[in-house]
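Residue numbers (our numbering): 5 to 80.
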């Protein structure tokens, strides 16, 4: 289980945030960062000081697999 709690201020984590190469010029994207202890944090790039959502590697893997499989295509 990640040691960082959901909702922590994203800018306070002191991590390297990664943005997708598919992001657009308006900054509409999600950024991710690896956390010590194996967790993965996500933040909205338009609000870098806002809350970070924290996931386990298994949770992120399940989401990525669903996205690759087209399960969320109806949302875009």
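Think of the CB as a built atom: it goes at the ideal place given N, C-alpha and C, for glycine as much as any other residue.
Could you give the distance in angstroms between the alpha-carbon of residue i and the alpha-carbon of residue j?
i, j, result
"residue 7", "residue 40", "8 Å"
"residue 54", "residue 12", "8 Å"
"residue 45", "residue 24", "14 Å"
"residue 42", "residue 79", "29 Å"
"residue 18", "residue 27", "22 Å"
Taking buried to mean at least 16 other C-beta atoms within 10 Å of its own C-beta, is residue i buried or exposed?
i, result
"residue 68", "exposed"
"residue 62", "exposed"
"residue 71", "exposed"
Taking the beta strand (DSSP E) that residue i belongs to, which residues open and close that run?
i, result
"residue 34", "34 to 38"
Assuming residue i and residue j are in contact, meaning their beta carbons sit under 8 Å apart, how far apart are those beta carbons, in whole angstroms?
i, j, result
"residue 35", "residue 22", "6 Å"
"residue 37", "residue 20", "6 Å"
Open item on the list: Just to confirm the assignment: which complete alpha helix (DSSP H) runs, minimum length 4, are found wholly within the segment 27 to 76?
Closed with: 61 to 72
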